[in-house]
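There are 2 protein chains.
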Amino acid sequence: MSSRRQLRLGAFMRPVSIHTGAWRYPGAFPDANFNFAHYKRFIQTLERGRFDAFFMADHLALLNMPVEALKRSHTVSSFDPLTLLPALAAVTEHIGLIATASTTYNEPYHIARKFASLDHISGGRAGWNLVTTSNPDAAKNFGHDEHMPHGERYQRAREFFDVVTGLWDGWADDALIRDAGSGIYFDPDRVHVLDHKGPEFSVRGPLNVARPVQGWPVIVQAGASEAGRQIAAETAEAVFASQATLAEGKAFYADIKGRMARLGRDPDHLKILPGAFVVVGDTVAEARAKRAHLDSLVHYDSAIASLSIALGTDASRFDPDSPLPPIPDTNQSKSGRERTIALAEREGLTVRQLAQRLGGYGGLAMVGTPATIADEMEQWLVEGGSDGFNVMFPWLPGGLDDFVDQVVPELQRRGIFRREYEGRTLRENLGLPRPKSRFFPAG
Amino acid sequence: MSSRRQLRLGAFMRPVSIHTGAWRYPGAFPDANFNFAHYKRFIQTLERGRFDAFFMADHLALLNMPVEALKRSHTVSSFDPLTLLPALAAVTEHIGLIATASTTYNEPYHIARKFASLDHISGGRAGWNLVTTSNPDAAKNFGHDEHMPHGERYQRAREFFDVVTGLWDGWADDALIRDAGSGIYFDPDRVHVLDHKGPEFSVRGPLNVARPVQGWPVIVQAGASEAGRQIAAETAEAVFASQATLAEGKAFYADIKGRMARLGRDPDHLKILPGAFVVVGDTVAEARAKRAHLDSLVHYDSAIASLSIALGTDASRFDPDSPLPPIPDTNQSKSGRERTIALAEREGLTVRQLAQRLGGYGGLAMVGTPATIADEMEQWLVEGGSDGFNVMFPWLPGGLDDFVDQVVPELQRRGIFRREYEGRTLRENLGLPRPKSRFFPAG
Chain A
1 MSSRRQLRLG
11 AFMRPVSIHT
21 GAWRYPGAFP
31 DANFNFAHYK
41 RFIQTLERGR
51 FDAFFMADHL
61 ALLNMPVEAL
71 KRSHTVSSFD
81 PLTLLPALAA
91 VTEHIGLIAT
101 ASTTYNEPYH
111 IARKFASLDH
121 ISGGRAGWNL
131 VTTSNPDAAK
141 NFGHDEHMPH
151 GERYQRAREF
161 FDVVTGLWDG
171 WADDALIRDA
181 GSGIYFDPDR
191 VHVLDHKGPE
201 FSVRGPLNVA
211 RPVQGWPVIV
221 QAGASEAGRQ
231 IAAETAEAVF
241 ASQATLAEGK
251 AFYADIKGRM
261 ARLGRDPDHL
271 KILPGAFVVV
281 GDTVAEARAK
291 RAHLDSLVHY
301 DSAIASLSIA
311 LGTDASRFDP
321 DSPLPPIPDT
331 NQSKSGRERT
341 IALAEREGLT
351 VRQLAQRLGG
361 YGGLAMVGTP
371 ATIADEMEQW
381 LVEGGSDGFN
391 VMFPWLPGGL
401 DDFVDQVVPE
411 LQRRGIFRRE
421 YEGRTLRENL
431 GLPRPKSRFF
441 PAG
Chain B
1 MSSRRQLRLG
11 AFMRPVSIHT
21 GAWRYPGAFP
31 DANFNFAHYK
41 RFIQTLERGR
51 FDAFFMADHL
61 ALLNMPVEAL
71 KRSHTVSSFD
81 PLTLLPALAA
91 VTEHIGLIAT
101 ASTTYNEPYH
111 IARKFASLDH
121 ISGGRAGWNL
131 VTTSNPDAAK
141 NFGHDEHMPH
151 GERYQRAREF
161 FDVVTGLWDG
171 WADDALIRDA
181 GSGIYFDPDR
191 VHVLDHKGPE
201 FSVRGPLNVA
211 RPVQGWPVIV
221 QAGASEAGRQ
231 IAAETAEAVF
241 ASQATLAEGK
251 AFYADIKGRM
261 ARLGRDPDHL
271 KILPGAFVVV
281 GDTVAEARAK
291 RAHLDSLVHY
301 DSAIASLSIA
311 LGTDASRFDP
321 DSPLPPIPDT
331 NQSKSGRERT
341 IALAEREGLT
351 VRQLAQRLGG
361 YGGLAMVGTP
371 ATIADEMEQW
381 LVEGGSDGFN
391 VMFPWLPGGL
401 DDFVDQVVPE
411 LQRRGIFRRE
421 YEGRTLRENL
431 GLPRPKSRFF
441 PAG
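First to last, the sequence lines map onto chains A and B.
Reading the first sequence from the start, the letters are residues 1 to 443 in full-length UniProt numbering.
Reading the second sequence from the start, the letters are residues 1 to 443 in full-length UniProt numbering.
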């Protein structure tokens, strides 16, 4: 075991790939998001690559995009994460299983029970990506005409978290005696009735599942707003970050870890893992060509909308096959516009290529050889930009296989990524402490 | 394949065994309800025994019993069925997976999505035991001070069913084109927006999961009230029945199938499967001795409450080790009282033994050799008492292994139970038609 700081790697699966052209890439599985056998292959490869976790995104509606874009995207639909991950638990032994579950349109008793069940079934490998749902189409699937306002969503999320963790804490770790001789199955004095009554929820408890193997499944969050950062610093153990550059990443990292220190939390007890879209080639040029081909599979009608948003102007009036014309200032996101213009100039992209880049994946990307990708990851780790990454694969299975077969060995050779799992649970592998029950702190 | 009528067999798992003494039986797994490895063993044995389905009961609270009884019962807690069954799907190939899910404290969009996901993940083996929740303690876990009245629960259940099946029907079977050449993933004209607005639910849709493999997962119900029988005749494809005698079973069978005929449904399209508690021995006397030993493991304090309810009088004042004294008439359930008195006389049970029998399991039981058990099952099948059974095992793993290793071969030898699965899906194995989408009836 190396004494160097260790990378943590999650595999971020947003219906298979975040890239809307992924299903059309040569050799890709077009039906991967609805084919359990494919998911099984992916996760078993990730486990061979010693990934910390398989991280499943979620939406509670068809994605909120125009039908012309939607009908071209495999991200239109996906299994419920809390139904998929138990099945993947049964075909793996070590890798963590992080499911996204919304606090906006769920009941805390159900969520507490499902994650406790997953944690038992997987032997302590569950993680909960606690999100609020901001897709306005989701509201309409749950009896609401209007989407819940941002502030109310966060207030509800915070109380939801308190109820769920309170239910998990309601059984002492040793409450289940199972003494066949005396006939006592559990000790009623080691079970706490939560009796929560708050502005959003009234939940009596106790939960009808024993305390999770990990005490609590690992708490993951992704909020980037002021409220989201604060709730993360207070409660999260891993954060899915979305900064696109190392400078932004370092600022975010310092902000969150600083908040933790001020709250009296050990900054090591939260892992910051930016999403990173990784394309591997034998040469940097080959990797870039792969990405360019992938981007070219994004339909122009879908792509141009992303470019228009980034530029703050209607890009559909530009000649697709010419360089980007001069863009006037608007009152929309200046940094986004400048970054987009700089990207077009740096890589010499036409309007079409630029649009397809943004329509595919516009965030942090590492496109190169195993060595250049490892260089970038190491730099983020060493310079305080992150504790690791949520890797996003450009297409499946090829992009995932390339990462595990080529990048992982390079990271291992440098001594910054495990060769074997350190522990039995996700919490142990991430180096996170096991929470004590608030009601039974002695154990 | 035999031309004789075929038995359908479900394995009814109410945290492992319905019998509250099961966990104390010699050789039983005391932690079976929280040990995934044990569940895996059980279901793989059932699949070897060609069972139609693994049927998981559920409660949304600790069971509503006095703590003195509760603390002695392994039924206190169990995995969420919709988290357990996907994991079991991944370790089996043929057996059906029926999960109980309440319409009282759930949202139809979630339930539609979870069962659709389970159906895809299992290759078409999902079933939904649609129940209303009548445990008053459950209400308090979901923000309600009072339990929902019976009539309202059934009205909500019926609308819930309409919404869930409407969401399943919202994608035509051929909506997902996945044409990599043209870049079209799905045909928007083959997706229906449900836009349901009813007294209980407002759900827009469409679901973000493709139509289930089976069209709909198999619909299972257990209601025995007038409202429950009618909703079953209208919508169910399997019924968990609870009649304790063949005469009662025949009356129930005729009632449900008669209602179906009057509704224009083919009576073969609903399978009536009473719960049957089966104890196997080399001789009838040995099987009875096993049961008596099992019953003796039920604590008297828990048992006496069941006897008091059955007799309509406080049985704790009787001498436990004497025969039942004469019981005066009360205005409580006369048939239950008479059946209990007759049972005590027929088997010569003391008050303690009688109480422990009822506290263990008081319903339909088949206690004998493989031949006598097969005789009973065949009689129910031939005389129109049932289409099969939901078998309840007295303890695990022994009681389950005995059934699969000894009773199943006897049923197969008689030509009334399959030697190999007939189809790929639960629906095909049960001989049920695949529903057409109401919105895309041509396919």
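Note that beta-carbon positions come from the ideal geometry of N, C-alpha and C, so glycine has one too.
Remember, it's a predicted structure, so these values are computed and weren't measured experimentally.
Candidates the options: closest to residue i by CA position
| i | options | result |
| --- | --- | --- |
| A/R190 | A/A222, A/G385, A/P206 and A/M392 | A/P206 |
| A/F115 | B/R337, B/L358, B/S78 and B/R113 | B/S78 |
| A/P323 | A/K197, A/E347 and A/T92 | A/E347 |
| A/P66 | A/D295, A/L60, A/A222 and A/V76 | A/V76 |
| A/G363 | A/G415, A/Q243 and A/W395 | A/Q243 |
| B/P439 | B/R113, B/L194 and B/D255 | Before going further, note that residue 439 of chain B is Phe rather than Pro in the sequence given. Considering only alpha carbons, the answer is B/L194. |
| B/L358 | B/A305, B/I327 and B/V209 | B/A305 |
| A/R414 | A/T372, A/G385 and A/W395 | A/T372 |
| B/T83 | B/T92, B/Q44 and B/F36 | B/F36 |
| A/A236 | A/D375, A/V220 and A/I341 | A/V220 |
| A/A138 | A/V404, A/E378, A/L62 and A/T340 | A/L62 |
| B/I309 | B/I327, B/D295 and B/H293 | B/I327 |
| A/I95 | A/T104, A/A101 and A/A126 | A/A126 |
| A/V239 | A/A342, A/Q356 and A/L270 | A/L270 |
| B/F51 | B/E338, B/D173, B/R24 and B/T425 | B/T425 |
| B/G27 | A/V351, A/A180, A/A442 and A/A175 | A/A180 |
| A/L7 | A/E383, A/E345 and A/D58 | A/E383 |
| B/R113 | B/T313, B/R211 and B/G385 | B/R211 |
| A/T104 | A/Q379, A/K140, A/E428 and A/V91 | A/K140 |
| A/L85 | A/S102, A/L60, A/H59 and A/A53 | A/A53 |
Bridge partners - residue i, DSSP secondary structure assignment
| i | result |
| --- | --- |
| A/S102 | A/V131 |
| A/L9 | A/F389 |
| A/I272 | A/V239 |
| A/F54 | A/A11 and A/L97 |
| A/V280 | A/G368 |
| B/P267 | Answer by DSSP bridge pairing: none, since B/P267 is not bridged. |
| B/P323 | B/T350 |
| B/A126 | B/L97 |
Residue i classed as buried or exposed, judged by whether at least 16 other C-beta atoms fall within 10 angstroms
| i | result |
| --- | --- |
| A/V131 | buried |
| B/L430 | buried |
| A/A251 | exposed |
| A/S225 | exposed |
| B/F12 | buried |
| A/S122 | buried |
| A/P199 | exposed |
| B/E376 | buried |
| B/P81 | buried |
| A/M1 | Low local confidence applies: a pLDDT of 47 at A/M1 is under 50, so the model's placement there is unreliable, with the coordinate-based value given in what follows. By the 10 Å Cβ count, A/M1 comes out exposed. |
| A/R352 | buried |
| B/G215 | buried |
| A/T340 | buried |
| A/R419 | exposed |
Flag this pair as touching only if the stretch 62-74 of chain A and the stretch 299-309 of chain A have three or more C-beta atom pairs under 8 Å; answer yes or no. yes
Quick one: which unbroken alpha helix (DSSP H) runs of 4-plus residues sit fully inside the stretch 131-179 of chain B? Chain order, please. 136-141 and 150-168
Which complete alpha helix (DSSP H) runs does the stretch 57-85 of chain B hold, if anything under 4 residues is left out? 67-70
Which whole runs of the alpha helix (DSSP H) in the stretch 338-411 of chain B are 4 residues long or more, in chain order? 351-360, 370-382 and 398-402
Counting only runs of 4+ residues fully inside the stretch 176-236 of chain B, write out the alpha helix (DSSP H) ranges in chain order. 226-235
Please confirm if the stretch 117-127 of chain B is in contact with the stretch 244-253 of chain A, defined as three or more CB-CB distances below 8 Å between the two stretches. no
Could you give the uninterrupted runs of the alpha helix (DSSP H) lying entirely in the stretch 18-49 of chain B, keeping only those of 4 residues or more? 36-48
Contact between the stretch 273-285 of chain A and the stretch 366-377 of chain A is defined here as three or more beta-carbon pairs at a separation below 8 Å; is this criterion met? yes
Okay, do the stretch 4-19 of chain A and the stretch 397-416 of chain A touch, 3+ Cβ pairs below 8 Å being the bar? yes
I want to know whether the stretch 164-174 of chain B touches the stretch 97-111 of chain B - three or more CB-CB distances under 8 Å. yes
Report yes or no: do three or more beta-carbon pairs, one from the stretch 231-239 of chain A and one from the stretch 255-264 of chain A, lie closer than 8 Å? yes
So does the stretch 414-427 of chain A actually touch the stretch 147-154 of chain A, counting three or more Cβ pairs closer than 8 Å? no
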